[in-house]
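> My questions all concern the structure below.
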Amino acid sequence: MKRAALMLAWVLGTVTVFGQYSVKGVVADEENQPLLGANIMLTELGRGVVTQKNGAFVMNRVPGGSYILVITFVGYESHSVPVVVDRDLDLGTIAMERATILGEEVIVTATRAGTKTPVAFSNLDSEEITSRNFGQDVPYLLASTPSLVTSSDAGHGIGYTSMRIRGTDSNRINVTINGIPLNDAESHSVYWVDLPDIATSVDNIQIQRGVGTSTNGAAAFGASVNFQTRKLEKEPYAIYEGTLGSFNTYRNTISAGSGLIKDHFSVDMRLSDLHSDGYIDRSWTNLKSYYISAAYHNVNTLVKFVTFSGTEELYQAWNGLPSYLLESNRTYNGLGSYTDQEGNMVFYDNQVDHYKQTHYQLHLSRSFNEKWYANAALHYTRGAGYYEQYKEDESLSDYLLDDVTIGGDTITETNLIRRKWLENDFYGIVGGLHYEGDRIGAVLGGGWNLYDGDHYGTVIWAQYPGNSEIRHRWYENAGRKTDWNTYVKANWNAGDRLSLFVDLQLRGIDYGIKGSDDDLRDIGQEHNYLFFNPKAGFNYQINQSQRVYFFVARANREPNRSNFVDADPAGPVPVKESMLDYEAGYTLQSSIYSLNANLYYMDYTDQLVLTGEINDVGSAIMTNVKDSYRAGIEVSGSIKPNTWFRWDLNATFSQNKILNYKGYVDNWDYWSDPENEPYQVVEELGTSNLSFSPSVMFNSKLDVEPLKELHLSLISRYVGKQFIDNTSSEARILNPYFVNDLRVSYAFYPQFMEEIAVHIQVSNLFNVQYETNAWIYRYYSEGEEGVYDGFFPQAGTHVMAGIRLKF
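Everything in the sequence shown is counted per our numbering, starting at 493 for the first residue and increasing by one.
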């Protein structure tokens, strides 16, 4: 602690030691008209400001040194100005040139928050994404952003991974790629394993916390994440990226681009191959993916075709391990186990999940004049795959198979291998019409999407198959979902400092299911929803470096497929969830340091949670609870007193509660004898904590550049105690953990190629034993409480090393 205090004192001291000056100027167009909202960035410091109404900007407290000042504005060429700061500088008027081609940022503008949007958001640019990308799934690239917690089934960030933001799980986080919905229309989830190495083809990412601004696809019921894929590089390039690491992990990626051909055309591509054995036993993954884009550019028009695809095959590790094995056998994986003819427990070698998903997007953007432009996109996604399971002692009748008679004995059970299939098609159109005036910026946007999904199961082998057909199908059902939305957003500059924001969205859903489920129940049903989601707020610019904002929004979310399918036929049908989100924030940004504080209160009505209730066949169901909330403060900041030192920190402190919570525990004694009532034991618990919602989260990233192009980063994260269920019981928790990673990178630039970069990351530097996810099932038997559980341990110290060659 003493050393940390001395380090902080030294860092703060350098602010005084190095001279501090101001840099100011005015940004104008070719006709000397001021440009409001141009972004001014000192790249070496990673700090910037935005021009005011008269085009003026001031950057205060800039340390002495040599910098590149970069100015960007939509519709204009990026402009770089070398500056030597050894005194207060007045750069005068800087004239921007009109872009010769339409910028690709117009593809995502409709769903993005801007500098005056009154919401909490974080941006990651291509440089930051590249520095974090060792082939792990997207949640691990975002892990240092506020209020975000990650988990990995295989224990090291490759394979099935997930993230929560403010405690909100992945099927309540809206995700788009180039404005196109990525969430599965039925489950609402995003399966990052289906898009391996997608980060290599991503230019920038924005995370909006809370309801955020209106977007396309599934409801943003706690956060939204918006990706923009690779933008135009005007010069041809070729890149090889290779990674080797612990658990026999390797990645090979080749990217290439044509540059701008004949001032109008461009083509980009990527091929990736990734394998890992995983930390958990048999949790291997084999992943392949590609990305291709082809575009036509001119000053007013952009036409861009994008396709990307991922194929995954992995051994299942999604059950976790019992808590009693955490101390003795942390890597145990029970999936695929069965008893052979000699009575030995063995593991089926093909207990795999196999899926391929391919995306196609066609974007058209058109600028009509300086104030009006429009964009539209057609999209189609095809997915198909299965997971395979070895099952013992299964009833033949459960699979619509006849009993088998052998030697006069009737056999009613069999060992078998089954596959559960999902084939789906998702297509639609999204678009927006934009107006950028002197005082008002507005967009009228929306989209229409159709999903068709076929679910079915086949038996591919049985010990006693009888007269069954090859690939006998025992169940099949189909889901069809239409989802449309339209919205209008407007930002009005009511004065030199005050801007008002309004966002009105209308969203409709029609969802139907036909057929039977894997337990042979008829699950046919129809559901229709119409939601109105208004949002409003204001932003007040205290001065060029400080602002305050307030935002209030309503969000509505329809139940997902499993909520409907698992619901008790004799019980109530799950209803929509609703939320009022209140956000208030303050930001301070200078050339040396920044500070952001955001208060939030997310007030839920009828949130769907696990209460322990079960349906008529004993499966767990999610139940609407009348009142619950998430409330907290997110604080983030950074300090960069010179060109070789930077420290970024963020922390979240929150309360996450259910009011008047009622829990249910199965009574096995009733199942054996119905006179032993009740069917389930009811627990009246009053106010309880929402599961998987830590009250304290903390991230730190300390960057040092002791030599030019040699970067050292210490990344630290703390996640507080999490309850596994909603009972607030200390017996059912994930313990808090504090984990550190060390990242080292070095780049040099020989004459024969553009760049050679090497990097290494040591994850979990101090070999902490911790778990990031769990499940639990409670019951009473003979008056005693029993528990089944599954925990997901994460890897101890492990290493990833890589090289990047750019030609």
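No residue lacks a Cβ here, since even glycine has one placed at the ideal position from N, Cα and C.
Source: prediction; values computed, not measured.
Quick check: the Cα distance between Thr-568 and Ala-520, rounded to an integer number of angstroms?
Reading off the sequence, residue 568 comes out as Tyr, not Thr. Taking the straight line from one Cα to the other gives about 11 Å.
> Would you call the CB atoms of Ile-1216 and Ala-1266 closer than 8 Å?
Yes, Cβ-Cβ distance for Ile-1216 and Ala-1266 is below 8 Å.
> So what does DSSP say about Val-682, is it helix, strand or coil?
Reduced to three states, the DSSP call for Val-682 is coil.
> Bridge partners for Trp-1335 per DSSP, in chain order?
Nothing in the structure corresponds to residue 1335, since the chain is present only between 493 and 1299.
> Per DSSP, what kind of secondary structure is Tyr-1171 in: helix, strand or coil?
Of the three classes helix, strand and coil, the one that applies to Tyr-1171 here is coil, per DSSP.
> Leaving aside the five residues before and after Glu-1105 along the sequence, list all residues of the same chain whose C-beta is less than 6 Å from its C-beta, in chain order.
Hits under 6 Å: Ile-1113, Thr-1115, Tyr-1156.
> With DSSP run on the structure shown, which of helix, strand or coil describes Ile-621?
The answer is helix: DSSP assigns Ile-621 an H, G or I state.
> Does DSSP put Asp-1161 in a helix, in a strand, or in coil?
Looking at Asp-1161 - three-state DSSP - the assignment turns out to be helix.
> Tell me the rounded alpha-carbon separation between Asp-1140 and Ile-1131.
Near 7 Å, if we compare the C-alpha coordinates of Ile-1131 and Asp-1140.
> In three-state terms, what does DSSP make of Val-509?
Any answer about Val-509 is weak, because its pLDDT of 40 lies below 50 and its placement is not dependable; what the coordinates show is given next. Looking at Val-509 - three-state DSSP - the assignment turns out to be helix.
> When the Cβ atoms of the segment 604–623 are set against those of the segment 1035–1050, are three or more pairs found closer than 8 Å?
Contact between the segment 604–623 and the segment 1035–1050 is present, because at least three Cβ pairs lie under 8 Å.
> Between the alpha carbons of Asp-975 and Ser-681, how many angstroms are there, rounded?
Those two C-alpha atoms are separated by around 16 Å.
> Which same chain residues end up closer than 8 Å to Glu-1197 when comparing Cβ atoms and leaving out the 5 residues on each side of it in sequence?
Once the five neighbours on either side are set aside, the close Cβ partners of Glu-1197 are Thr-1135, Trp-1136, Phe-1137, His-1203, Leu-1204.
> Skipping 5 residues on each side, what residues in its chain have a beta carbon closer than 7 Å to that of Thr-506?
Because Thr-506 sits at a pLDDT of 43, beneath the cut-off of 50, its placement in the model cannot be relied upon, and the point is left open.
> Do Ser-775 and Tyr-807 have their beta-carbon atoms positioned less than 8 Å apart in this structure?
For Tyr-807 and Ser-775, yes; Cβs fall inside 8 Å.
> Compute the distance between the beta-carbons of Asp-760 and Gly-749, then report whether it is under 8 Å.
Yes. Within cutoff.
> Pick helix, strand or coil for Phe-626, following the three-state DSSP scheme.
Coil at Phe-626, not helix or strand.
> Using a threshold of 7 Å, is the CB atom of Leu-724 nearer than that to any non-hydrogen atom of the ligand GTP?
Here there are no bound small molecules, and the ligand GTP is not part of this structure.
> Of all the options Val-951, Val-630, Glu-1263, which has the alpha carbon lying nearest to the alpha carbon of Arg-965?
Answer by Cα proximity: Val-951.
> Taking Asn-718 as the reference, which of Asp-695, Gln-997, Thr-745, Arg-1013 has the closest Cα?
Comparing Cα-Cα distances from Asn-718 to each of Asp-695, Gln-997, Thr-745, Arg-1013, the minimum goes to Asp-695.
> Out of Asp-769, Arg-931, Glu-915, which one is the CA nearest neighbour of Tyr-943?
Checked all of Asp-769, Arg-931, Glu-915; the closest Cα to Tyr-943 is Glu-915.
> If we ignore side chains and look at the alpha-carbon of each, how far apart do Phe-1283 and Met-837 end up?
Cα-Cα distance, rounded: 22 Å.
> With H, G and I counted as helix, E and B as strand and the rest as coil, what does DSSP make of Val-1067?
Three-state DSSP puts Val-1067 in coil, outside helix and strand.
> Cα-Cα, which of Arg-1049, Gly-920, Asp-1281 is closest to Gly-671?
Among Arg-1049, Gly-920, Asp-1281, the Cα nearest to that of Gly-671 belongs to Gly-920.
> Is it buried or exposed, Thr-831, if we count other Cβ atoms within 10 angstroms and call 16 or more buried?
Under this definition Thr-831 is an exposed residue.
> Using DSSP with H/G/I as helix, E/B as strand and the rest coil, what is Glu-569?
Residue state, collapsed to three classes: coil.
> What span of residues does the alpha helix (DSSP H) with Val-472 cover, start to end?
With the chain represented from 493 up to 1299, any question about residue 472 goes unanswered, as that position is not in the structure.
> Keeping to the same chain, check which residues put their C-beta closer than 7 Å to that of Met-499; ignore five residues upstream and five downstream.
With a pLDDT of 42 at Met-499, under the threshold of 50, the modelled position of that residue is not reliable, and the figure given next carries that caveat. If we look at Met-499 and ignore the five residues flanking it on each side, it has no Cβ neighbours.
> Report the residue from Ala-1123, Arg-874, Leu-794, Gly-1000 whose alpha carbon sits nearest the alpha carbon of Gly-709.
Among Ala-1123, Arg-874, Leu-794, Gly-1000, the Cα nearest to that of Gly-709 is on Gly-1000.
> Short of 8 Å in beta carbon distance, which residues of its chain neighbour Ser-1008, apart from the five on each side in sequence? Order them along the chain.
For Ser-1008, where only same-chain residues beyond five positions count, the Cβ hits under 8 Å are Tyr-967, Glu-968, Asn-969, Asp-1014, Ile-1015.
> Is the beta carbon of Ile-1248 less than 8 Å from the beta carbon of Ala-1293?
In this structure, Ala-1293 does not lie closer than 8 Å to Ile-1248 by Cβ.
> Run through the DSSP bridge pairs and tell me what Pro-555 is partnered with.
The partner list for Pro-555 (beta bridge, DSSP) reads Gln-512.
> Have a look at the DSSP bridge pairing and note the partners of Tyr-1032.
Note: Tyr-1032 sits in a beta bridge opposite Leu-990, Val-1040.
> Determine, using beta carbons only, whether Ile-690 and Phe-800 come nearer to each other than 8 Å.
Against a cut-off of 8 Å, the Cβ pair of Phe-800 and Ile-690 comes out as a contact.
> Straight-line CA distance for Glu-805 to Val-600?
Roughly 32 Å between the two C-alpha positions.
> Near Asp-617, what residues of its chain come up, given a Cβ to Cβ distance below 7 Å and the 5 sequence neighbours on each side ignored?
Around Asp-617: Asn-696.
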